[in-house]
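*Asks:*
Residue numbers (full-length UniProt numbering): 1 to 259.
Structure follows, in structure tokens:
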């Protein structure tokens, strides 16, 4: 008995039959060969995605640090004390909801700009996001100050003046305050006023009240809030010149009241 093509499960169309046959052979061949791995495409996509995420985070951190540096400089120029400056920095962190450690780690890997070195030094100086280490702060300030960054020069002057992270040296403090003041640091302009108002021979500079007033006024004119409040006090002191030496003889504590 002859079976019809349909009863054998074959198509009446020879082309379809051929195609089906080829497909069948292909199926057999593929089943006997190792399965092809198509993972490279999704893996590449995932890698690109992670790279983009890292790049986006880096951009976020860089923008944050740039803004933080501006805020830090303004606080220094306005004459904020250390406690006020630290509060301003911490408040800014809170407002942006960023992790301190992420920012600190980013700074560790991005010290190619003097402003980044300086803010990192300040983190070490004040124990922000890390243990306090005034020696590291001093070294970072010194590196940035050598390149003429005025805020670092001012902070370096403070290090020498108080002996923080280095040996106390009033002569070196005065030199760095002078450089920073010439570069526009209101803090150093104010500090020069202190040096001249309460000068100690051989320890920075000699007393010169005219120069003290000049630097106080320069600092006040440039926006230093404490200088603005203290200029008049010094002018009043000058008007009672016979009593000036007696007042100054009370020592450094009197000088610090002008800070």
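Beta carbons are placed, not taken as given, at the ideal position from N, Cα and C, and that holds for glycine.
Using a Cβ-Cβ cutoff of less than 6 Å, which residues in the same chain neighbour residue 79 once the five nearest sequence positions on both sides are dropped?
*Replies:* 224, 225 and 226
*Asks:* Please return the same chain residues whose Cβ sits closer than 8 Å to the Cβ of residue 34, not counting the five positions on each side in sequence.
*Replies:* In this prediction, residue 34 has a pLDDT of 49, which is less than 50 and means its spatial position is unreliable; what the coordinates show is noted afterwards. Taken in chain order, the list of residues that qualify is empty.
*Asks:* What does a CB cutoff of less than 7 Å around residue 161 pick up in its chain, not counting 5 residues either side in sequence?
*Replies:* 170 and 173
*Asks:* Rounded to the nearest angstrom, what separates residue 175 and residue 145 at their Cα positions?
*Replies:* 12 Å
*Asks:* If you draw a straight line from the C-alpha of residue 218 to the C-alpha of residue 184, how long is it?
*Replies:* If you take the alpha carbons of residue 218 and residue 184, they lie about 10 Å apart.
*Asks:* Can you give me the start and stop residues for the alpha helix (DSSP H) that residue 104 sits inside?
*Replies:* 100-108
*Asks:* If I measure Cβ to Cβ from residue 147 and keep anything under 7 Å in the same chain, skipping five residues before and after, which residues do I get?
*Replies:* 114
*Asks:* On the criterion of 16 or more Cβ atoms from any shown chain inside 10 Å, does residue 132 qualify as buried, or is it exposed?
*Replies:* exposed
*Asks:* What do you get for residue 85, buried or exposed, if any count of 16 or more other CB atoms within 10 angstroms of its CB means buried?
*Replies:* buried
*Asks:* Per DSSP, what kind of secondary structure is residue 91 in: helix, strand or coil?
*Replies:* In this structure, residue 91 counts as helix in the three-state DSSP scheme.
*Asks:* Just the C-alpha distance for residue 106 and residue 135, rounded to the nearest angstrom, thanks.
*Replies:* 20 Å
*Asks:* Within 10 angstroms of the Cβ of residue 193, are there 16 or more other Cβ atoms? Answer buried if so, exposed if not.
*Replies:* buried
*Asks:* Go through its chain and collect everything with a Cβ distance to residue 177's Cβ below 6 Å, but skip five positions before and after it.
*Replies:* 157, 188, 191 and 192
*Asks:* Could you have a look at residue 47 and say whether DSSP puts it in helix, strand or coil?
*Replies:* Below a pLDDT of 50, predicted positions are generally treated as unreliable, and residue 47, at 48, falls in that range; the measurement from the model is reported next regardless. In the structure shown, residue 47 sits in a helix (DSSP, three-state: H, G or I).
*Asks:* Can you tell which of 228, 222 and 239 has its C-alpha closest to the C-alpha of residue 210?
*Replies:* Answer by Cα proximity: 239.
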